[in-house]
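Enquirer: Okay, here's the structure, questions in a sec.
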Amino acid sequence: MEITLEDTVIEAKGHAWNEGEITVEATCATPGEMTYTCTTCEDTLVVETELDPENHEDLAYMEWQDPACEEDGHTDYMYCAACGRYFTEDGEEIDAADTVLAATGHKWDEGKPTDDGGIVYTCTVCEQTKTETDESGTGVLDAPTGSLLLLRVAVA
Ligand SMILES: [Zn+2]
Ligand SMILES: [Zn+2]
Ligand SMILES: [Zn+2]
244 MEITLEDTVI EAKGHAWNEG EITVEATCAT PGEMTYTCTT CEDTLVVETE
294 LDPENHEDLA YMEWQDPACE EDGHTDYMYC AACGRYFTED GEEIDAADTV
344 LAATGHKWDE GKPTDDGGIV YTCTVCEQTK TETDESGTGV LDAPTGSLLL
394 LRVAVA
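The structure is reproduced here in structure tokens:
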């Protein structure tokens, strides 16, 4: 029987890829890789996979820090440096702002009079002091402050 040239060609079947296996796990910041292997010729095909937003690359626990008088503190939370997101310990995503414990401000005591007619207040928390002019003692402040300056100059 006569055959045509076309009949002699057996078409390439194409690779028969298997189901593939994950060769590189995707993280929240880096795509993974899926490798397929041909069941016939064992050729491999590597396909990049999507990010896995739940698989954090660089998750760290941040300990609770009480706020100070002038410095903010923060709650305890989890922070991933790779994707820059914040989470509760249960993995629930939160805003960075939700972790902030605002600075409390100084808690001044009732104040003590100073020799030069002012009042010195002491913070009951951090012991910082501030001096305010005694409103009843107008004009009294200038001279003693001046002499204090002179005294400093003399010592130096
Ligand atoms: Zn093949
Ligand atoms: Zn992450
Ligand atoms: Zn204070």
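All residue numbers for the sequence shown refer to the working numbering, where the first residue is 244 and numbers rise by one. Backbone N, C-alpha and C define an ideal beta-carbon position, used for all residues, glycine too.
#1: Going by beta carbon distance, what residues of the same chain come within less than 6 Å of Tyr320, once the five residues before and after it are set aside?
#2: Could you work out which residue in Leu344, Gly263, Tyr279 and Thr280 is closest to Gln308 when comparing CA atoms only?
#3: Is any non-hydrogen atom of ligand 1 found closer than 7 Å to the C-beta of Ala259, if you look at the structure I gave you?
#4: Secondary structure at Glu336, three-state DSSP: helix, strand or coil?
#5: Is Thr292 closer than 8 Å to Ala269 when the C-beta atoms are compared?
#6: Is the CB-CB distance between Leu294 and Pro274 below 8 Å?
#7: Would you check if the distance between the CB atom of Ile362 and the CB atom of Thr374 is smaller than 8 Å?
#8: Taking 7 Å as the cut-off, is the CB of Cys369 close to at least one heavy atom of ligand 2?
#9: Between Cys312 and Ala346, is the Cβ-Cβ spacing less than 8 Å?
#10: Do Cys271 and Glu300 have their C-beta atoms within less than 8 Å of each other?
#11: Between Glu276 and Thr266, is the Cβ-Cβ spacing less than 8 Å?
#12: Between which two residues does the beta strand (DSSP E) containing Cys323 stretch?
#13: Is the Cβ-Cβ distance between His258 and Thr283 less than 8 Å?
#14: For ligand 2, I want to know if Ala339 counts as a neighbour, meaning its beta carbon is within less than 7 Å of at least one of the ligand's heavy atoms.
#15: Looking only at DSSP bridge pairs, what is Val290 linked to?
Expert: Inspection of the coordinates gives the following:
#1: Met305, Tyr329 and Thr342
#2: Leu344
#3: yes
#4: strand
#5: yes
#6: yes
#7: yes
#8: no
#9: yes
#10: yes
#11: yes
#12: Tyr320 to Cys323
#13: yes
#14: no
#15: Met277
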